[in-house]
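Take 143 as the starting number for the sequence shown in our numbering and just add one per residue.
Here the structure is laid out as structure tokens; the discussion comes afterwards.
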Amino acid sequence: MYNEISDDMARKQTRESLIIVLDKTINAFIKMRNIRKDPLEFGSF
């Protein structure tokens, strides 16, 4: 019983940290594309 619970928690944590990493990567990618598209707005994010 205990092992199943801790496994579930670990899986949830892993998924959450993956989502966070993906989110940061996507945000950085969007910023990079925006910079390339409009260099005048470089300082506005």
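Here a beta-carbon is modelled for each residue, glycine too, at the ideal position from N, C-alpha and C.
Cα-Cα separation between residue i and residue j, rounded to whole angstroms
i	j	result
LYS173	THR167	10 Å
ILE147	ASN176	43 Å
GLN155	ILE161	10 Å
ASP149	ASP165	24 Å
MET151	GLU158	10 Å
PHE171	ARG153	27 Å
Any non-hydrogen atom of the ligand NAP closer than 7 Å to residue i Cβ
i	result
ALA170	This structure does not include the ligand NAP; it has no bound ligands of any sort.
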